[in-house]
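Number of protein chains: 2
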Amino acid sequence: MKMSKESEYGLMGLVQLAKQPAHAVMQLRDVAAAASLLEPFLAKTFRKLTVHGLLRSHRGRERGYSLARAPHDISIREVCEAIEGVDLFQRCIFWSNACSDAEPCPLHGMWRHVRPQLVTLMERLTIEDLAKHGTSLSRDNVASLVSQAAADAAAANSSSPAFTRKGAIHVR
Amino acid sequence: MKMSKESEYGLMGLVQLAKQPAHAVMQLRDVAAAASLLEPFLAKTFRKLTVHGLLRSHRGRERGYSLARAPHDISIREVCEAIEGVDLFQRCIFWSNACSDAEPCPLHGMWRHVRPQLVTLMERLTIEDLAKHGTSLSRDNVASLVSQAAADAAAANSSSPAFTRKGAIHVR
DNA sequence: TGAGCATTGGACTAAAAAGGTCCAATGGCT
DNA sequence: AGCCATTGGACCTTTTTAGTCCAATGCTCA
Numbered sequence: 009m010k011m012s013k014e015s016e017y018g019l020m021g022l023v024q025l026a027k028q029p030a031h032a033v034m035q036l037r038d039v040a041a042a043a044s045l046l047e048p049f050l051a052k053t054f055r056k057l058t059v060h061g062l063l064r065s066h067r068g069r070e071r072g073y074s075l076a077r078a079p080h081d082i083s084i085r086e087v088c089e090a091i092e093g094v095d096l097f098q099r100c101i102f103w104s105n106a107c108s109d110a111e112p113c114p115l116h117g118m119w120r121h122v123r124p125q126l127v128t129l130m131e132r133l134t135i136e137d138l139a140k141h142g143t144s145l146s147r148d149n150v151a152s153l154v155s156q157a158a159a160d161a162a163a164a165n166s167s168s169p170a171f172t173r174k175g176a177i178h179v180r
Numbered sequence: 009m010k011m012s013k014e015s016e017y018g019l020m021g022l023v024q025l026a027k028q029p030a031h032a033v034m035q036l037r038d039v040a041a042a043a044s045l046l047e048p049f050l051a052k053t054f055r056k057l058t059v060h061g062l063l064r065s066h067r068g069r070e071r072g073y074s075l076a077r078a079p080h081d082i083s084i085r086e087v088c089e090a091i092e093g094v095d096l097f098q099r100c101i102f103w104s105n106a107c108s109d110a111e112p113c114p115l116h117g118m119w120r121h122v123r124p125q126l127v128t129l130m131e132r133l134t135i136e137d138l139a140k141h142g143t144s145l146s147r148d149n150v151a152s153l154v155s156q157a158a159a160d161a162a163a164a165n166s167s168s169p170a171f172t173r174k175g176a177i178h179v180r
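What follows is the structure, given as structure tokens:
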């Protein structure tokens, strides 16, 4: 797990495009200016997103970048994976590690349970969500998505016997 | 958020001590050998844990390290914070960033909801859990703890109106 | 056909963090 | 006083991230 600044750049750039009319083509410099980003660095990021099919690039008269798909169809997960690598969410919580079931880290078990929830959430959150509800601010729908992801995970694990602890609260 | 190899070393070292009889004093080299860790690097880690009051160091006849508290009283959270810094769980998901409500990152809102769950989980998971149920393997109690943390968060957010989405499942 | 221009692709540098090592000093015991 | 593991810090190397630069490409319009 590592989410670097480049992922943030990618998200902010895409959100900027999502705020334009559908299918709008926007030049790099304008995106960078509108989102207060460094143009050369954004260029690097946008190239990755283009290669991974999230952006479409245009040359000639109407040049620049446009979203390859509708904003509600581009998940945060895709964006981050395109930039950080497809194994982003398969990796250990200790980001430098490549631990496996055979050679597990101390938190391997814990992470096996948390990771799917995080992935589900990132899968359901889209560029449109970020663009509509403010690039930044916390909103109720996020809370709802978190609950959903948690519920999904709980349902998936409901077969395993629970154990109790001081103050334990059981779902279902 | 960043969990480096040093945290892993800290956890593995503590777990090793937790597997000994209570209050046992164990020399660094023995801990390192038993857990297959590099002694010089573990030394660095143990020093941090000693300063933060999780380990007690002993000189003279019975020298070495011992746990400062009972294994069930040392949470994973404490260990990680001692090593990575107290602001570990206060930080942005983009680990290099110091974003705030005033200057939020694109996932600021999302992270505000996820972070508390993660912290709660790390708070409830202890060295004893890791030592008892295998340093590594996933176990039912972890699943239970995850559910608890999720339930807690859901309860905390239950006041906010939910919104629906294709395939949404509501808890409660 | 050729000029214009933004994207493209890659190489490249610099800064920061992580990972790892080493050594002199310390302090409690025997 | 001597032993010896902890202590504390400095130090080095490697990796990763961040950021820059430039020549090449390809589409359009004049």
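Residue numbers (our numbering), protein chains in the order written: chain G, 9 to 180; chain V, 9 to 180. Where is the CB? At the ideal position from N, CA and C, for every residue including glycine.
Whether or not the segment 77-87 of chain V and the segment 125-142 of chain V are in contact is what I'm after, with contact meaning three or more pairs of Cβ atoms, one per stretch, closer than 8 Å; do they touch? These segments touch.
Is C113(V) closer than 8 Å to C100(V) when the C-beta atoms are compared? The count along the second sequence starts at 1 and reaches residue 100(V) at position 92. The count along the second sequence starts at 1 and reaches residue 113(V) at position 105. Yes; because the gap between Cβ atoms is below 8 Å, this pair is in contact.
When burial is assigned at 16 or more other CB atoms within 10 Å of the CB, is H66(G) buried or exposed? Numbered from 1 along the first sequence, position 58 holds the residue referred to as residue 66(G). Exposed, since its Cβ has fewer than 16 Cβ neighbours within 10 Å.
To the nearest angstrom, how far is it from the Cα of V122(V) to the Cα of P48(V)? Counting from one through the second sequence, the residue named residue 122(V) turns up at place 114. Counting from one through the second sequence, the residue named residue 48(V) turns up at place 40. So the two alpha carbons sit approximately 36 Å from each other.
Just checking: is the beta-carbon of I91(V) within a distance shorter than 8 Å of some beta-carbon in chain G? Position 83 of the second sequence holds residue 91(V). By this cut-off, I91(V) is not an interface position.
Mind checking whether the beta-carbon of L63(G) lies closer than 7 Å to any heavy atom of the ligand NAD? Ligands displayed in this structure: none; no statement on the ligand NAD is therefore possible.
The segment 39-66 of chain G: positions lying closer than 8 Å to chain V by Cβ: Listed in chain order, the positions of the segment 39-66 of chain G with a beta carbon within less than 8 Å of a beta carbon of chain V would be empty, since no residue qualifies.
With distances taken Cα to Cα, identify the nearest neighbour of A51(G) among D95(G), S104(G), M20(G) and G68(G). Counted from its first residue, the first sequence places residue 51(G) at position 43. Of the candidates D95(G), S104(G), M20(G) and G68(G), the one whose C-alpha sits nearest the C-alpha of A51(G) is M20(G).
Across which residues does DSSP place M34(V) in a beta bridge pair? Counted from its first residue, the second sequence places residue 34(V) at position 26. DSSP, once it has assigned bridges, lists Y73(V) as partnering M34(V).
Got a sec? Which residues, its chain only, sit under 7 Å from L145(V) by beta carbon, not counting five neighbours each side? Here residue 145(V) is taken as the residue at index 137 of the second sequence, counted from 1. Low per-residue confidence applies at L145(V): pLDDT is 47, beneath 50, and the placement is therefore not dependable enough to give any value.
What does a CB cutoff of less than 7 Å around G61(V) pick up in its chain, not counting 5 residues either side in sequence? Residue numbering aside, residue 61(V) sits at position 53 when the second sequence is read from its first letter. Sequence-distant Cβ neighbours of G61(V) in its own chain, meaning closer than 7 Å and more than five residues away, are A76.
Do F102(G) and E16(V) come within 8 Å of each other at the CB atom, strictly closer than that value? Residue numbering aside, residue 16(V) sits at position 8 when the second sequence is read from its first letter. Residue numbering aside, residue 102(G) sits at position 94 when the first sequence is read from its first letter. Taking 8 Å as the Cβ cut-off, E16(V) and F102(G) qualify as a contacting pair.
Quick one: does L145(G) have its CB under 8 Å from some CB of chain V? Taking the first sequence and counting its residues from 1, one reaches residue 145(G) at position 137. Bear in mind that the predicted position of L145(G) carries a pLDDT of just 48, short of 50, making it too unreliable to give a figure here.
Quick check on DSSP: helix, strand or coil for S104(G)? Start at 1 with the first residue of the first sequence, and residue 104(G) comes out as number 96. DSSP places S104(G) in coil when its eight states are reduced to three.
From the DSSP output, read off the bridge partner residues of L63(V). Residue 63(V) sits at position 55 when you count from the first residue of the second sequence. Bridge partners of L63(V): L75(V).
Please list the partners that F102(V) has in chain G, where partner means a Cβ-to-Cβ separation under 9 Å. Translated into the one-based positions of the second sequence, residue 102(V) becomes position 94. Chain G residues near F102(V): M11, S12, K13, S15 and E16.
Using a Cβ-Cβ distance cut-off of 8 Å, determine whether V23(G) contacts chain V. The sequence position of residue 23(G) within the first sequence is 15, counting from 1. By this cut-off, V23(G) is an interface position.
Reduced DSSP category for S44(G) - H, G, I as helix; E, B as strand; rest coil: Looking up residue 44(G) in the first sequence gives position 36. Per DSSP, reduced to three states, the secondary structure at S44(G) is coil, with no helix or strand assignment.
Quick one: residues in its chain with C-beta nearer than 8 Å to the C-beta of Q24(G), no 5 flanking neighbours on either side, listed in chain order? Here residue 24(G) refers to the residue found at position 16 of the first sequence. Here the set comprises M34, V39, A42 and A43.
Going by CA-CA distance only, name the one from L115(G), M130(G), S104(G) and V59(G) that's closest to I91(G). As a working mapping, residue 91(G) is identified with position 83 in the first sequence. Minimum Cα distance to I91(G) is reached at V59(G).
For S83(G), write down the residues that DSSP places opposite it in a beta bridge. Within the first sequence, numbered from 1, the residue matching residue 83(G) stands at position 75. For S83(G), which the question treats as bridged, DSSP gives the partners T134(G).
Kindly list, in the order they appear in chain G, the residues whose Cβ is closer than 7 Å to that of M20(V). Working through the second sequence from its first residue, we reach residue 20(V) at position 12. Correct list: P114.
If you draw a straight line from the alpha carbon of A106(G) to that of C107(V), how long is it in whole angstroms? Locating residue 106(G) in the first sequence gives position 98, counting from the first residue. Locating residue 107(V) in the second sequence gives position 99, counting from the first residue. For A106(G) and C107(V), the distance between alpha carbons rounds to 29 Å.
Determine whether the Cβ of M34(G) lies closer than 8 Å to any Cβ atom of chain V. Counting from 1 along the first sequence, the entry for residue 34(G) is found at position 26. Taking Cβ atoms only, chain V never reaches closer than 8 Å to M34(G), which makes this a no.
Quick one: grab the DSSP three-state call for S12(V). The sequence position of residue 12(V) within the second sequence is 4, counting from 1. Three-state DSSP puts S12(V) in coil, outside helix and strand.
Taking 8 Å as the CB-CB limit, is M118(V) close to chain G? Translated into positions along the second sequence, residue 118(V) becomes position 110. For M118(V), a Cβ of chain G is located within less than 8 Å of the residue's own Cβ.
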